[in-house]
Amino acid sequence: MKTEVINMKVFRCPNCNKLIIKYKVIGYVSLEIKCPRCSELIVTNLTSNEYIGIKFTKRKLKGD
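The sequence shown lines up with residues 14 to 77 when you count with the working numbering.
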């Protein structure tokens, strides 16, 4: 049984280049990750605009 290969992006530690996660994001994600190799704390925002085939609606916030 073969598994389907999905094109995923990779995120590596900027200090030691260790592979931290492979991801595919639709929208926005904010992450705090501690590298297991060098103990560097990484804070990042991952965004994507791959909204193909999915309908999103904008929500109004209170006060807007």
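Built from N, CA and C at the ideal position, the CB exists for glycine as well.
Keep in mind that this is a model prediction, so the values were computed, not measured.
Exercise for the section: Taking Asn58 as the reference, give the member of Asn28, Ile46, Leu32, Asn20 with the closest Cα. Expected result: Ile46
Exercise for the section: Tell me whether Ile39 is buried or exposed, calling it buried when 16 or more other Cβ atoms sit within 10 Å of its Cβ. Expected result: exposed
Handout entry: Nonlocal neighbours in the same chain, by C-beta distance under 6 Å from Leu54, ignoring five residues either side
Key = Lys47
Problem - In DSSP terms, what Lys31 is bridged to - result: For Lys31, which the question treats as bridged, DSSP gives no partner whatsoever.
Practice task
Drop a sphere of 10 angstroms on the beta-carbon of Ile33, count the other beta-carbons inside from all chains shown, and report buried for 16 or more, exposed for fewer.
Solution key: buried
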